[in-house]
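The sequence shown begins at 80 in our numbering and counts up one residue at a time.
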Amino acid sequence: MAGVDFLGPGLGTLRIEAMGAQPRGERAARIRRSPHFADGAFRNPDGPSRTTPPRRELARAYLDGEQRRRRRPRGTVPVHATTVADLARPAPTGLRLTWLGHSSVLAEIDGRRVLFDPVWGERCSPVPFAGPRRMHPVPLPLAALGPVDVVVISHDHYDHLDTPTIKALAGTDTLFAVPLGVGAHLEHWGVPTDRLRELDWHEDTRVGPLTLTATPARHFCGRGLRNPQHTLWASWVVTGERHRVYHSGDTGYFEGFRDIGAAHGPFDATMIQIGAYSEFWPDIHMTPQEGLRAHLDLQGGRPHGVLLPIHWGTFDLAPHPWAEPGEWTKDAAEQAGQAAAFPRPGEPFEPAGKLPAEPWWRAVSAPLARPWRRPGQTGAASTTSGGGPGLAGEW
80 MAGVDFLGPG LGTLRIEAMG AQPRGERAAR IRRSPHFADG AFRNPDGPSR TTPPRRELAR
140 AYLDGEQRRR RRPRGTVPVH ATTVADLARP APTGLRLTWL GHSSVLAEID GRRVLFDPVW
200 GERCSPVPFA GPRRMHPVPL PLAALGPVDV VVISHDHYDH LDTPTIKALA GTDTLFAVPL
260 GVGAHLEHWG VPTDRLRELD WHEDTRVGPL TLTATPARHF CGRGLRNPQH TLWASWVVTG
320 ERHRVYHSGD TGYFEGFRDI GAAHGPFDAT MIQIGAYSEF WPDIHMTPQE GLRAHLDLQG
380 GRPHGVLLPI HWGTFDLAPH PWAEPGEWTK DAAEQAGQAA AFPRPGEPFE PAGKLPAEPW
440 WRAVSAPLAR PWRRPGQTGA ASTTSGGGPG LAGEW
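Structure follows, in structure tokens:
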């Protein structure tokens with residue numbers, strides 16, 4: 080199998096190319112100097128996070144047949160037929176976003192093109208024959224995106240840092256902005272050192288007229304069997320001449336969103352993780368309600384700009400039903416009076432224009448078992464045939 084070697088006869092030690100490389104030399108020394116690195120590991124802004132769920136309870140949740148069926152669409156996910164022409168025309172308002180599935184977003188901002196967390200692989204896994212598989216195809220080939228000024232990576236988990244995608248982009252002249260330590264993986268896969276911008280939290284770099292700033296997030300890292308926490312995770316602020324956007328990467332809710340908003344906001348659009356949450360890991364992924372709260376914190380505590388939900392709909396990474404993140408986010412945003420966009424994968428939109436708002440997932444979703452309950456409502460609300468609004472009374 081390409082990219083896999085066995086080291087030494089009979090040792091059974093597996094080296095997989097997709098696992099990348101550990102930081103060494105000056106990169107490792109820089110990590111040790113980081114104020115966010117202590118006792119041999121990067122630390123979260125609000126203290127340690129719970130990342131190891133109880134195995135028995137988690138296995139029960141994943142193996143239940145009915146729950147397994149709810150975690151997948153019951154039909155074909157509608158993907159927008161994105162064309163080269165769609166993306167070749169300049170955005171009249173100066174800001175256009177194209178959600179490409181999961182956390183992958185092409186942001187065209189003030190004449191420059193920023194590609195966040197590109198994952199074109201079939202599985203988010205170190206091997207091609209196992210691991211979570213895409214539930215919808217990529218909206219268009221990677222080459223059809225056209226030139227990209229900078230690729231931004233939030234952290235090194237497989238559903239955000241995809242080896243074949245990075246190796247393909249390494250053959251272009253794009254720059255890469257990554258959190259501290261992640262550059263070791265990219266160099267291992269052929270990205271030249273002079274095209275890497277490797278940042279600690281609160282550091283920034285310029286790409287033409289854009290300023291890219293790595294900002295804190297509450298998560299963790301790792302691609303191997305052992306995760307020594309030697310690479311950083313980050314959210315990102317991108318500021319142009321007229322517009323500014325925020326990409327959360329993966330994160331649990333934390334008070335630092337207010338600080339990020341005060342320092343860099345308000346934002347024309349935020350791309351916020353609202354999927355793959357669970358009571359088993361409450362500190363590292365946000366629920367839809369927490370994602371809305373994070374957006375409002377970033378906007379100074381009031382509805383402003385546009386919320387684009389990300390990190391849902393493409394891979395089965397948590398026990399919740401497939402459609403739940405989109406449905407709950409839509410209801411939570413409407414309740415708060417916050418504008419939110421719900422594009423089909425591959426559907427470009429401009430935050431200053433007409434927002435895609437159709438709940439397209441309902442046509443291919445199983446009904447949700449926990450219906451949305453609005454404040455003050457007693458009893459359970461009824462679900463619609465396509466899944467309906469869904470949320471329990473408390474989160």
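Backbone N, C-alpha and C fix where the C-beta goes; we use that ideal spot for every residue, glycine too.
Quiz item: Can you list, in chain order, the stretches of the alpha helix (DSSP H) that have 4 or more residues and sit fully within the segment 256-290?
Solution: 262-267
Quiz item: Would DSSP call Leu396 helix, strand or coil?
Solution: coil
Self-check item: Short Cβ contact (8 Å threshold) for Arg276 with Phe255
Solution: yes
Quiz item: Of all the options His115, Ile232 and His322, which has the alpha carbon lying nearest to the alpha carbon of Arg191?
Solution: His322
Practice problem: Indicate the three-state DSSP secondary structure (helix, strand or coil) for Arg381 in the structure shown. | Solution: coil
Exercise. With distances taken Cα to Cα, identify the nearest neighbour of Tyr332 among Pro307, Leu377, Ala418 and Arg139.
Key: Leu377
Quiz item: Is the segment 353-362 close to the segment 399-408, with three or more CB pairs under 8 Å?
Solution: yes
Quiz prompt | Distance, Glu413 Cα to Thr290 Cα | solution = 32 Å
Exercise. Count the C-beta pairs between the segment 213-225 and the segment 160-177 that are closer than 8 Å, then say yes if the count reaches three, no if not.
Key: yes
Practice problem: Spell out the partners DSSP gives Ile188 in its beta bridges. | Solution: Leu174 and Arg191
Quiz item: Should Ala341 go down as buried or exposed, given a rule of 16 or more other Cβ atoms within 10 Å for buried?
Solution: exposed
Quiz item: Identify the residues that DSSP records as bridge partners of Ser314: which are they?
Solution: Thr294
Self-check item: Integer-rounded CB distance, given that His364 should sit under 8 Å from Asp329
Solution: 6 Å
Exercise. Look at Thr253 and Val231 and say whether their C-beta atoms are less than 8 Å apart.
Key: no
Self-check item: Where the alpha helix (DSSP H) through Ala341 begins and ends
Solution: Gly335 to His343
Exercise. Within its chain, find whatever has a CB closer than 7 Å to the CB of Gly303; leave out the 5 residues flanking it on each side and keep chain order.
Key: Met98
Quiz item: In chain order, what residues of the same chain lie with their CB nearer than 7 Å to the CB of Ala170, ignoring the 5 residues before and after it?
Solution: Glu187 and Glu429
Practice problem: In angstroms with no decimal places, state the Cα-to-Cα distance between Ala420 and Arg106. | Solution: 39 Å
Quiz prompt | Pro345 versus Arg139: straight-line alpha-carbon distance, rounded | solution = 43 Å
Exercise. Could you tell me how far apart the beta carbons of Gly180 and Pro424 are, in whole angstroms, since I believe they sit closer than 8 Å?
Key: 4 Å
Practice problem: Please state whether DSSP places Gln352 in a helix, a strand or coil. | Solution: strand
Quiz item: Looking only at C-alpha atoms, which of Pro388, Asp189 and His267 sits nearest to Gly287?
Solution: Asp189
Quiz item: With 16 other CB atoms within 10 Å as the buried threshold, where does Ala160 fall?
Solution: exposed
Exercise. For Gly392, count neighbouring Cβ atoms within 10 angstroms of its own Cβ and tell me buried if that reaches 16, exposed if not.
Key: buried
Exercise. Apply the 10 Å Cβ neighbour rule to Ala209 and answer buried if 16 or more other Cβ atoms are within range, or exposed otherwise.
Key: exposed
Practice problem: Quick one: measure Cβ to Cβ for Asp362 and Arg297, integer angstroms, because I've assumed they're closer than 8 Å. | Solution: 6 Å
Self-check item: Length of the line joining the Cα atoms of Tyr325 and Phe299
Solution: 19 Å
Quiz item: Under 8 Å between the Cβ atoms of Thr318 and His343?
Solution: yes
Exercise. Whole angstroms is fine: what's the gap from Ile245's alpha carbon to Trp178's?
Key: 18 Å
Quiz item: With respect to the beta strand (DSSP E) encompassing Arg323, which residues constitute its N-terminal and C-terminal limits?
Solution: Arg323 to His326
Quiz prompt | Residue from Leu240, Leu176, Gly432 and Ala117 with nearest C-alpha to Glu96 | solution = Leu240
Self-check item: 8 Å Cβ cutoff, Ile351 in contact with chain C
Solution: Going by chain labels, chain C is absent from the structure shown, which holds only one protein chain.
Quiz item: What residue does the beta strand (DSSP E) around Val229 start on, and which one ends it?
Solution: Val229 to Val231
Quiz item: In this structure, what does DSSP give as the bridge partners for Pro427?
Solution: Thr177
Quiz item: Quick one: Cα of Asp125 to Cα of His390, how far?
Solution: 22 Å
Quiz prompt | Span of the alpha helix (DSSP H) around Ile110 | solution = Gly104 to Arg112
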